[in-house]
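According to the numbering used here, the sequence shown is numbered sequentially starting from 292.
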Amino acid sequence: MTDIQNVTPESVKQTTINLSLIDWFGFDLDHTLIRYQLHNFHILVYKLMSNYLIENYHYNSELQKNVASIHDYAVKGLIYDSLYGDIIQLNNNGHVIYSLHGLNTKTDQDILKQRYPNGLQSIENSTDKRYWILLTYFEQSVSYLIANIVDLVDKQQVFNSNVDNNVKMLVHKGDKL
292 MTDIQNVTPE SVKQTTINLS LIDWFGFDLD HTLIRYQLHN FHILVYKLMS NYLIENYHYN
352 SELQKNVASI HDYAVKGLIY DSLYGDIIQL NNNGHVIYSL HGLNTKTDQD ILKQRYPNGL
412 QSIENSTDKR YWILLTYFEQ SVSYLIANIV DLVDKQQVFN SNVDNNVKML VHKGDKL
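The structure is reproduced here in structure tokens:
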């Protein structure tokens, strides 16, 4: 076994990989030794996901218009509360420190204490899949998409006007992003 202190750049063997032998690629964006251009990555993921919703589920095309503030939502560890449509962040003690509803509305502290009196404990005890913890770089783009969709829900403009109610019900009954 080689002692790590004796390793020199000359002693490390350089190898190449023949990519023609690879059938598929997998990406682990959180534990790699690669530097990603996260701003570009977040915009790409957001545009692909919103385009998918627009083309396949007839979501409002307004989703594609607002990508300028995506970095404001690029925070690991945010939690989506599907009951209230809020994106929340906890402090180190597991208490909710802030909550955003949509793109512009910060939830009042008194309401936060009422909704999450025990902080993390109430989230951990939830058995109804009410919460979605957004941990990866990919999910950071999802948090921004959720905020945009929440705004459209509040304005009752989620779908294009020509979508019939049967399609709307199918989407709301369980399809996830």
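C-beta atoms are modelled at their ideal positions from N, C-alpha and C, and glycine is treated no differently.
Which word fits residue i, buried or exposed, when buried means at least 16 other C-beta atoms lie within 10 angstroms of its C-beta?
i	result
A359	exposed
M460	A caution first: M460 carries a pLDDT of 41, below 50, which makes its placement in the model unreliable, though a value can still be read off. Classification for M460: exposed.
T398	buried
L240	A question about residue 240 goes unanswered here, because the residues of the chain that appear run from 292 up to 468.
N351	buried
V449	buried
In three-state DSSP terms, what is residue i?
i	result
S352	helix
Q380	strand
D372	strand
L425	strand
S434	helix
I'd like to confirm the pairing. Which residues does DSSP put opposite residue i in its beta bridges?
i	result
F450	Y350
V441	V441 pairs with nothing; no bridge assigned.
L391	I378, K397
Comparing alpha-carbon positions, which option in the options lies nearest residue i?
i	options	result
K356	N439, N309, I379	N439
S373	Y435, D445, K420	K420
V433	D314, V444, F332	F332
L394	Q447, S352, T427, I378	I378
A365	V449, I437, D445	I437
Rounded to whole angstroms, how far is the Cβ of residue i from the Cβ of residue j, which I believe are closer than 8 angstroms?
i	j	result
L425	I345	That belief does not hold up - the Cβ atoms of L425 and I345 are roughly 22 angstroms apart, past 8 angstroms.
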